[in-house]
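K.L.:
Sharing a structure, written as structure tokens. Questions coming.
Residue numbers (the numbering used here): 20 to 135.
See below:
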């Protein structure tokens, strides 16, 4: 995932949280908001991994894993939207022990809920 496809500014996160919709599962919450100004562009992703998930090393590992998983699922993500993926406590340990496929299933699950 390229940097231009990431949300980084606080105001972008706030817009998604305030005006967007959400879907949640046991391990993840997905917020999304359609961008009106640039229809047809690639989706942008912001990650939120709170301190309750673990220390800084664990949080950064979870963010790397989620970015990699999201890039692999890029064909399932609608263009022209901003997304914020929030990790819930309890995600880090199974993501490490069960591997990439398990995490991809969790992200797919929350994406399917969002599309329903």
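Backbone N, C-alpha and C fix where the C-beta goes; we use that ideal spot for every residue, glycine too. Remember, it's a predicted structure, so these values are computed and weren't measured experimentally.
Looking at the strands, I want to know which residues DSSP matches up with residue 25.
P.N.:
Within the chain shown, residue 25 is the residue found at index 6, counting from 1. Paired residues: 64.
K.L.:
If we call anything under 8 Å between Cβ atoms a contact, is residue 32 one with residue 103?
P.N.:
Position 13 of the chain shown, counted from the first residue, corresponds to residue 32. Position 84 of the chain shown, counted from the first residue, corresponds to residue 103. Closer than 8 Å, so yes.
K.L.:
Of all the options 93, 98, 87 and 74, which has the alpha carbon lying nearest to the alpha carbon of residue 109?
P.N.:
Working through the chain shown from its first residue, we reach residue 109 at position 90. Ranking 93, 98, 87 and 74 by Cα distance to residue 109 puts 74 first.
K.L.:
From 101, 45 and 41, pick the residue whose C-alpha is nearest to that of residue 55; which is it?
P.N.:
If you number the chain shown from 1, residue 55 lands on position 36. Nearest C-alpha to residue 55: 101.
K.L.:
Give me the Cα-Cα distance between residue 38 and residue 97, rounded to the nearest whole angstrom.
P.N.:
Sequence index remark: in the chain shown, residue 38 carries index 19 (1-based). Sequence index remark: in the chain shown, residue 97 carries index 78 (1-based). Residue 38 and residue 97: Cα-Cα distance of roughly 17 Å.
K.L.:
Do residue 50 and residue 72 have their beta-carbon atoms positioned less than 8 Å apart in this structure?
P.N.:
Stepping through the chain shown from its first residue, residue 72 is reached at position 53. Stepping through the chain shown from its first residue, residue 50 is reached at position 31. Contact flag unset, no.
K.L.:
For residue 114, which residues in the same chain have their Cβ closer than 6 Å to its Cβ, ignoring the five residues on either side in sequence?
P.N.:
Mapped onto the chain shown, residue 114 falls at position 95. Excluding residues within five positions, the ones whose Cβ falls inside 6 Å are 84 and 122.
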